[in-house]
Every structure is written in structure tokens, then in C-alpha cells.
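Peer 1: Input: one structure, supplied below.
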Amino acid sequence: MLAVARVASADGLADGLATNDPHAVADAVAAIERGSADAALLYAAGRACEDKLADPARALAIYERILRDDPGAAAAVAAEQRAAELRPIAADPRGRDFVALRADADRVAAADVIARGDVLATAEWPGAREAALWLAEWLRRTGRFRDAETRYAAVIAKWPDSSQAKLAARGAAGCALDAHDWSRAASLAAKLPASDADDRLVRDELLQAARRGRGLAHFGTSAVLALVLAFAALVASLVEAAVRGGWKQPSLAPPLELWFAAPIAAVLAGVAATAHRLIFPAVVAISLVGLALAWLSGSTLALLRARGRATRLRSLLHIGTCAIAVIAVAYLALDHDGLLDLLIDTVRFGPE
């Protein structure tokens, strides 16, 4: 029972480190500092001090504790590397400027962050590599992909044999993925080193993501084309029904199909708005397109019936056309709102 409790406690602390709430991260780090002797958990706490709390001195103390108390642990190798890089940073006055920049990054103007970051990245001090890589990552995270790629390239060119250069090469490939530049992402990923299993895994995952992104982009183009053609087909069907046998203007009154579909669409939109706001825009887009399709189809069939023409075959064709259009707009809406990956992961791994 004691072992189970320890595992549960460790899992809870790891979850605290994984959150983006700085107070929760600080509490988790403090708890780990007080009680944990697990080198891997301590190393994770050190990384959280660097990445989320902007406290390299505290991170350095944790890494040195690992090296002192458990030098044979698997995490000790990574801790030793980080400690070697942090010691000169913590000792330099510009290290405090770097800490302040990381703490201020999401609270001040972007131009100020970039200017301060460039000063630290180009100055002659031990933390320049870290500052340059951090700035590239921040630019990527905030959607400034071109500027991020420029900073990644500068890290690689200026410190080609450093660990930061290796991370910058990976970051540049990931940045191209974020920018949906699939060809460039594949090209950058293919150039990544593959000297060990971890490197090969990273490279292969990036290449797979680039191939998948390119495929989804092609599918998105097909979806747009299918949606346009579906509407064109329904409009053509309506025009044919109005013209054949002498022009008769279609009624603009909502057909029976719309009266049936509109309440369903309203209920779905209401449920989405209250249950999960993330999917609300996608549900509204799909519903509006569906209602427009129902209006076109219903108006056409009503006109055919008014003229005594057969509607069975036309109805079947309309159903197929509407189904294709709804699938197309559903894909486009999910992709536009970033829900497609979430849906794929849910199907593969189940809901959280």
C-alpha cells in the first residue's frame, strides 16, 4: 500500500509540473524539493524551473542535488549537461536579465520581447545560446514563424556543435509544420541527425507529420471543391426545375425540409455552446451549410411536385449531394478550428 501511495503521489506531482499554471508548478516543485529522492522526478522539476518558472538558479540547485545524491541515475547524465550550461548563466549578471525576459514575455509588447531577446542572443556571454534558442521558441509559440526560422538558423550557424543547435534544427522543422509548409518541414526533418534511437524517433515523427499534413492539405482542397460542386449541382437542379416547361420562379418560402431541419440544428448549436464551446463554431458552420442545402433541395422538390413531375430519382440525387457537402464542410470546420487532430486522437486512444 505504501508503494502504491508513493506512485500516486509521484504521478500527482508530475501532473502539477505539466500544468501551465505557474502557482501549481511552483507548488509541485517545492513538494518535490522537500520530499522526492527520485532522480527523474527531480530532473523534471529542474526543467520546470527553467521553462515555466524562469528560475535557472533553482534549476541548477536541483541538478546539482541529483549529481550529488544519485550520480548513477539515468537522469544524472542530462542533469550534468544542464548544470554545465546553467552555471555560467547563473553567475553572469545578464542571466538575471534573461530570467526577467522569460518572466515578462507574455505580459509585455512583442516588439520589446524581440528587442531584449536579440540583445541577449548577440551579446558575448555564456547564456547567448540559450537566449537565442529561447527567443526562437517564443517566436514560434506566438505564431511568428518566419522570424522564428531566422533565429533557429542563426543558432545553428553560430553554434553548430552545441546542443542548442541540435534543438534548433528540430525546432525549425517543427516551425515549418506549424506554418503548414509541408515541403520545407519534410526537407528540414530529413536533414536531422539519426545517430541514435532517440534522434531517429524524432526525425521519423517529424517526417510522418509532414506527410500527414500534406495529405490533409490535399484532402482540404478536395473538400472545398466538393462543397462548391455540391452547391453548384443543387442550384443547377433548381434552375432546371424552374426552366423546364416554361419559366416559373421558385418560392422563397422555407420548404418543409427546412422547418424539419432548423430546430434540430438549433438544438445542436445550443448543446455545443453550453457543453463544449470549442466545438461551437464548427457546429454552427455545419448547421448553416446544412440548412442552406435543405432550402435549395426542398425548394427544387417542391417546384417539381407543383408541376407534377417525378421526384424520386431527384430526391436520391439530392440526398447524395447533400451528404457529400455536409461531410466536406464538417472536415473544413474541424480542420479550421484545430479540432481534427483532437478528433483523431480521441478515435485512436479514447476520450480523456
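Read left to right, the sequence shown gives residues 38 to 389 (this note's numbering). The C-beta atom is built at its ideal place from N, Cα and C for all residues, glycine as well.
1) Which residue's Cα is closest to the Cα of residue 338: 100, 287, 235?
2) Kindly indicate which three-state DSSP category residue 286 falls into: helix, strand or coil?
3) Helix, strand or coil: how does DSSP classify residue 217 here?
4) Output the boundary residues of the alpha helix (DSSP H) element that contains residue 323.
5) Shortest alpha-carbon distance to residue 132 belongs to which of 264, 99, 94, 117?
6) Considering only their Cβ atoms, is the gap separating residue 166 from residue 199 smaller than 8 Å?
7) Alpha carbons only, please: which of 343, 77, 149, 304 is nearest the one belonging to residue 111?
8) Below 6 Å CB to CB, which residues in the same chain sit around residue 274 once its five sequence neighbours on both sides are set aside?
9) Is residue 56 helix, strand or coil when you go by DSSP?
10) If you drop the 5 nearest sequence neighbours on each side, which residues of the same chain put their C-beta closer than 7 Å to that of residue 331?
11) May I have a chain-ordered list of the alpha helix (DSSP H) segments no shorter than 4 residues that lie completely inside the segment 139-224?
12) Determine the DSSP secondary structure at residue 248, reduced to helix, strand or coil.
13) At what residues does the alpha helix (DSSP H) containing residue 358 begin and finish?
14) So for residue 291, helix, strand or coil by DSSP?
15) Quick one: grab the DSSP three-state call for residue 257.
16) Within 10 angstroms of the Cβ of residue 300, are there 16 or more other Cβ atoms? Answer buried if so, exposed if not.
17) Given this structure, state the Cα-to-Cα distance separating residue 182 from residue 174, to the nearest angstrom.
18) I want to know whether the segment 255-267 touches the segment 303-310 - three or more CB-CB distances under 8 Å.
19) Please report the residue range of the alpha helix (DSSP H) in which residue 97 lies.
20) Would you call the segment 87-101 and the segment 116-136 touching, i.e. three or more CB-CB distances under 8 Å?
21) Report, in whole angstroms, the separation of the C-beta atoms of residue 144 and residue 169, which I expect to be a contact under 8 Å.
22) Let me check understanding here. Comparing Cα to Cα, which of 128, 109, 72, 75 lies closest to residue 97?
23) Decide if residue 201 is buried, meaning its Cβ has at least 16 other Cβ atoms within 10 Å, or exposed.
24) Ignore the nearest five residues each way along the sequence and tell me which others in residue 227's own chain have a CB closer than 7 Å to its CB.
25) Which residue comes first and which comes last in the alpha helix (DSSP H) that contains residue 229?
26) Name the residue from 192, 124, 146, 186 whose alpha carbon lies nearest to the alpha carbon of residue 157.
Peer 2: For this structure:
1) 287
2) coil
3) coil
4) 317-343
5) 94
6) yes
7) 77
8) 337
9) coil
10) 294, 295, 298
11) 147-159, 165-178, 182-195, 200-215
12) helix
13) 349-373
14) coil
15) helix
16) exposed
17) 10 Å
18) no
19) 93-106
20) yes
21) In fact, because the Cβ distance is near 21 Å, the residues do not count as touching under 8 Å.
22) 128
23) buried
24) 244
25) Per DSSP, residue 229 belongs to no alpha helix (DSSP H) and is neither H nor E.
26) 192
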